[in-house]
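Chains as they are written, first to last, in my numbering: chain Z, 1 to 411; chain W, 412 to 822. Just so you know, even glycine gets a beta-carbon here, dropped at the ideal spot from N, CA and C. The structure presented is a predicted model; accordingly, all values stated were derived computationally and were not measured.
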């Protein structure tokens, strides 16, 4: 009988308890032994619930019990989660977490600590919720060099963009619906709509792909606030959807990554990923393209991924880290360089369409013009970051403000 | 240093050698030791090639060498592969294979034999080529009950159906192109176009999902020979693509499975899977829907999946079988029952459209009518297998021949 503890009894933590009970027989068969939740750490009062006896308020109670071999961390954030997870690993417990902020910030350190103490540190649920992404990725990695990753990894913004496209609504209206449905935070939806959540996830996938820690603060991150209903329509006229893409690729100057809304041609597998679904496309040198698709969030899907990690920790322990591992790297200021050279959608406020098209040069196409709003948009020929900046500056000299720039992904 | 042997130096076998060499450093890091191909078994003459020294013609040479711990089987078929794999497992070697025919026919027996001898029997590459499907499936399975699987698992027929849809061509023209491009066999393309290849793959996935062996010969299997350009057009008018779907689901009388062309609504993730790509959708009780997508074949993708299995065998050995396992089952004659109740596209030769629509009853829609050919097609309301048979018989009594029946998948 394996005994585990759950830290934090919120949505995912309570889902872990539910999954462990609902599928107890199957879990026992696969783990080679029954798995029982012995403790739940939470500072709130659960004394009136049927599971009151499981609750403790002090991590020491859990660490003092040698029966507990695996700890699930579902507190979220880093303030409590990070020191707690450190102490669990140092005490010889494997840890399974859904906490992307902690993994994106302290992943390399916690992986090294786990290896040092001969235990596992697993975090499948930190990207894609219940959808298996990290496990197949490091399994693929065994015989592949993954040189690029592109993903729709934030369900809230994908839901909003889907609504905006299907119903011609603007950002504010879509956000309101997402908030009403509980997909977006009411107080501060910024983690989702400004791309920080996606930035943490691509930091994790990028770190795993390149083998050293990428810090979220070095990843250029742009959300979807500037995308309008007119942009969605213009994108459709180009045979594209607008999606918030988190990307990683090996550039000439080392690993590069970003989060930004992009034009995704309808022929690309990511264009058809709608609503709260997530999908991650990986390019392996031997394998070509593979895509993993599923619901990116939700109590039971996410919890089932955490429980699969618990089973993995019980069965395989530290040996997982031969493939699920990356090295620490120094913190440096500044943003990673952007090596992409691709066509860009450029919407400018304050310039006429003919002028903008002329500015953008040979090969540019006028996509739309709204004379009443004095706004126009072009699709440029392939440009790199420097050429795009130069174009934006030329427009500024003529009195035009670049209101939105979207790269176009390949088919 | 781990030493391995490759049985069969065809497309996949030679790919395994290439992957092992190209990504030697990464493979060594993940396997915890370098991996070297020490022997290649093939009856053909490779004495003039740079690797001539590796070739042997007798399995005994390999089995007599205690250095060899993992054997890769890429012969294909069952005549030689099956007895060779048995001998390898019995001698205490782990086996990694891409051979779906052998796994679909003898999977339970070989898994049990491997467990008995404390070695691994792995076959990620047998479904989906290089796309990770079996590994994430049994990883998901650790905390989920998978009750349904639907997949596009044959790249050749998917390429043909994509061509037929995009260019309005018929089956024969599409087959000719597939043969010219090397996607379909020239002599006998039946394994692909009649659905037998897909039947073997769904037998493997279904066995893994339900935990006992499903035999391909019990799985009702229908290919794409009867699908015409007119059907593709009619499907499009219903907002659907026609895809060859291999499906598994738990029915009221136990596991059910089938291979057949189906109408796939454009909103379904499988509708946009085109050309030689494969995709498998799984429904877990906790997880909801997940999809794995990628190239279903090809030398290096498939070989990289075999090599990932080799790494897994070296690292995890027999413990993989706690989740990658199914029990033997008795061979029985007959076909598995079909529990699906869904709308069906029914094309009938020899009946007018009005008559056919009337026959199909309330809720049926006439989809197309070709008076010159005396052919019409309807979309029925949801029907089960018995009601569909009854409808086909009623049409026959009136002189109509049911030329094609396609179930419609859910959105």
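Through-space distance from residue j to residue i, alpha-carbon basis
i: residue 274/Z; j: residue 59/Z; result: 41 Å
i: residue 468/W; j: residue 514/W; result: 24 Å
i: residue 689/W; j: residue 374/Z; result: 47 Å
i: residue 732/W; j: residue 813/W; result: 46 Å
i: residue 174/Z; j: residue 160/Z; result: 5 Å
i: residue 817/W; j: residue 229/Z; result: 39 Å
i: residue 792/W; j: residue 773/W; result: 8 Å
i: residue 683/W; j: residue 719/W; result: 28 Å
i: residue 777/W; j: residue 679/W; result: 23 Å
i: residue 507/W; j: residue 533/W; result: 5 Å
i: residue 414/W; j: residue 478/W; result: 6 Å
i: residue 765/W; j: residue 755/W; result: 17 Å
i: residue 248/Z; j: residue 270/Z; result: 15 Å
i: residue 108/Z; j: residue 79/Z; result: 18 Å
i: residue 707/W; j: residue 430/W; result: 17 Å
i: residue 873/W; j: residue 819/W; result: The requested residue 873/W is not part of the displayed model; chain W covers only 412 to 822.
Residues near residue i by beta carbon distance below 7 Å, same chain, minus five either side
i: residue 609/W; result: 564, 565, 655, 657, 670
i: residue 127/Z; result: 100, 133, 134, 153, 201, 204, 205
i: residue 552/W; result: 734
Interface residues of chain W facing residue i [CB-CB closer than 8 Å]
i: residue 145/Z; result: 434, 437
i: residue 383/Z; result: Ordered by position in chain W, no residue passes the 8 Å Cβ test against residue 383/Z, which lies about 29 Å from the chain.
Selection from the options that minimises the alpha carbon distance to residue i
i: residue 721/W; options: 707/W, 509/W, 756/W; result: 509/W
i: residue 664/W; options: 748/W, 597/W, 696/W; result: 748/W
i: residue 412/W; options: 441/W, 742/W, 422/W, 495/W; result: 441/W
i: residue 826/W; options: 451/W, 519/W, 700/W, 776/W; result: Residue numbering for chain W in the displayed model covers 412 to 822; residue 826/W lies beyond these limits and cannot be assessed.
i: residue 494/W; options: 479/W, 524/W, 820/W, 754/W; result: 524/W
i: residue 257/Z; options: 334/Z, 294/Z, 189/Z, 188/Z; result: 334/Z
i: residue 222/Z; options: 241/Z, 261/Z, 208/Z; result: 261/Z
i: residue 38/Z; options: 25/Z, 16/Z, 48/Z; result: 16/Z
i: residue 618/W; options: 484/W, 457/W, 416/W, 666/W; result: 666/W
i: residue 488/W; options: 768/W, 476/W, 463/W, 418/W; result: 418/W
i: residue 391/Z; options: 347/Z, 186/Z, 294/Z; result: 347/Z
i: residue 697/W; options: 360/Z, 106/Z, 300/Z; result: 300/Z
Partners in chain Z for residue i, counting only beta-carbon separations shorter than 7 Å
i: residue 734/W; result: 30
i: residue 726/W; result: 319, 322
i: residue 430/W; result: 143, 286
i: residue 719/W; result: 139, 140, 142, 143
i: residue 518/W; result: Residues of chain Z passing the Cβ test: none, with the nearest at roughly 18 Å.
Residue i: first and last residue of the uninterrupted beta strand (DSSP E) it sits in
i: residue 422/W; result: Taken as a continuous stretch (DSSP letters only), residue 422/W belongs to no beta strand (DSSP E), being part of the alpha helix (DSSP H) at 422–433.
i: residue 96/Z; result: 94–97
i: residue 543/W; result: First-last for residue 543/W: undefined, no H or E at that position.
i: residue 40/Z; result: 35–41
i: residue 255/Z; result: 254–265
i: residue 629/W; result: Unbroken run through residue 629/W: none, as it is neither H nor E.
i: residue 370/Z; result: 365–370
i: residue 302/Z; result: Premise fails: residue 302/Z lies in the alpha helix (DSSP H), 299–316, not in any beta strand (DSSP E).
6 Å Cβ shell around residue i - same chain, five flanking residues per side excluded
i: residue 384/Z; result: 341
i: residue 505/W; result: 481, 530, 531, 724
i: residue 183/Z; result: 156, 159
i: residue 290/Z; result: 282
Extent of the continuous alpha helix (DSSP H) to which residue i belongs
i: residue 159/Z; result: 155–167
i: residue 116/Z; result: 100–116
i: residue 390/Z; result: 385–397
i: residue 757/W; result: It is not in any alpha helix (DSSP H) - residue 757/W instead sits in the beta strand (DSSP E) that spans 755–760.
i: residue 643/W; result: 640–648
Per-residue contacts from residue i into chain Z (C-beta, under 8 Å)
i: residue 546/W; result: 135, 136, 139
i: residue 619/W; result: Neighbours of residue 619/W on chain Z: none; closest Cβ ~12 Å, over 8 Å.
i: residue 715/W; result: 140, 143, 144, 284, 286, 287
i: residue 481/W; result: Going along chain Z, no residue has its Cβ under 8 Å from residue 481/W, so there is no contact; the nearest lies around 13 Å.
i: residue 662/W; result: Per Cβ cutoff of 8 Å: no residues; residue 662/W is ~20 Å from chain Z at best.
i: residue 705/W; result: 287, 288, 289, 290, 291
Listed by chain order, chain W residues near residue i by CB distance under 9 Å
i: residue 311/Z; result: 550, 553, 554, 733, 734
i: residue 404/Z; result: Neighbours of residue 404/Z on chain W: none; closest Cβ ~27 Å, over 9 Å.
Spatial neighbours of residue i in its chain, beta-carbon cut-off 8 Å, leaving aside the 5 residues before and after
i: residue 225/Z; result: 171, 193, 194
Contact set between residue i and chain W, taken where Cβ atoms lie within less than 7 Å
i: residue 301/Z; result: 697, 698, 699
i: residue 131/Z; result: 701
i: residue 116/Z; result: Correct list: empty, because the minimum Cβ distance to chain W is about 17 Å.
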